[in-house]
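Be aware that the sequence shown starts at 440, since it is given in the working numbering, and climbs by one per residue. Note that beta-carbon positions come from the ideal geometry of N, C-alpha and C, so glycine has one too. Fair warning: this is a prediction, and the values are worked out from it, not measured in the lab. Following: one structure in structure tokens, then a few remarks.
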Amino acid sequence: MDEELLGRGSEALEVPEGIVGAVVLEPTGLYPCPAEAGTLEVRVTVSGRAAHGTTPWAGDNAILKALEDFRRFLAHPIFSHRHPLFPRGAWVNLGRIEGGYDPMVVPASCAIHFDVGFAPGLSPVEVLGAVRKAFTDPAVLEVLDVSPPWEIPHDAPILRRLQRAIREALGEELPLGGMPSWTDAANLFAKGVNPVVFGAGSLEVAHTPHEAIPLRELESLARVLLNLLED
């Protein structure tokens, strides 16, 4: 319930006594993921000074200032962080820019909205500190969403059972992966449950017009889950 927005369903869930593991179905390409990246969603508003567009030297272009600060953020050492299950230890998507209204006016304000993902080993405090350091005054920073990364022990019973079910259903051992997106597993982990994120499909095409799951992969997922339930 509400997984795509606030995750209120898994947040409100009362975990029954004795439940220590869970498989959370998400598109992982059938790779079992015992770890999930953290996320920090922010909007930063940068101020400049308006001027006529033919005299840009008389103003202070807020869009250019915001982009310069954003490039400074991308050069921060957090982006050199690495984790065995995440090829990139930290990454960012700049999803929205709002600034200016006419090419004949130097924009006096610019808001940029971006999401930072980061692997276990980095904390939300560290990532937010990097954002604050990159964006120069005057800037207004709003934290819209934050979730820490998590990782379960690789010998957790639920992970071993799932790996066994994969071997029996598919005839091969699939390597572990890391889930780069927030899922309901984060709320389960916070409640003391060891979750593994696992499922058919590719995360890269989720939320796009091309979102789809290959039928053969969906059939493989069904066989794995059946083996897991019968274990």
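- Along the region 540 to 609, the beta strand (DSSP E) occurs as fully enclosed runs of 3 or more residues at 548 to 557 and 578 to 586, listed in sequence order.
- Counting C-beta pairs with one atom in each stretch, the region 542 to 558 and the region 481 to 494 have three or more that are closer than 8 Å, which means they touch.
- In this structure, the straight-line span from the alpha carbon of phenylalanine 525 to that of glutamine 602 is close to 19 Å.
- Taking all protein chains shown into account, serine 586 has 16 or more neighbouring C-beta atoms within 10 Å of its C-beta and is therefore buried.
- Two segments are said to touch when three or more pairs of C-beta atoms, one from each, lie closer than 8 Å; by this definition the region 489 to 500 touches the region 533 to 548.
- Per DSSP, the beta bridge partners of asparagine 633 are Gly460.
- Cα atoms of tryptophan 621 and aspartate 576: separation of roughly 31 Å, rounded to the nearest angstrom.
- Burial check for alanine 661: the Cβ neighbour count within 10 Å stays below 16, so the residue is exposed.
- Note on geometry: alpha-carbon atoms of alanine 569 and glutamate 611 lie some 42 Å from one another.
- The alpha carbon of leucine 533 has as its nearest neighbour, out of Phe509, Ile458, Arg571 and Glu456, the alpha carbon of Phe509.
- When DSSP states are grouped into helix, strand and coil, aspartate 499 belongs to the strand group.
- Burial of lysine 504 is indicated by the presence of at least 16 other C-beta atoms within 10 angstroms of its C-beta.
- For the pair alanine 608 and phenylalanine 512, the CB atoms are not nearer than the 8 Å cut-off.
- Beyond the five residues adjoining it in sequence on each side, alanine 624 comes within less than 7 Å, by CB distance, of Val463, Glu475, Pro634 and Val636 in the same chain, given in chain order.
- Just measuring C-alpha positions, the residue of Glu643, Ala639 and Leu664 sitting nearest proline 653 is Ala639.
- Beyond the five residues adjoining it in sequence on each side, isoleucine 591 comes within less than 6 Å, by CB distance, of Pro473 and Asn633 in the same chain, given in chain order.
- Note that the C-beta distance between leucine 583 and arginine 482 is below 8 Å.
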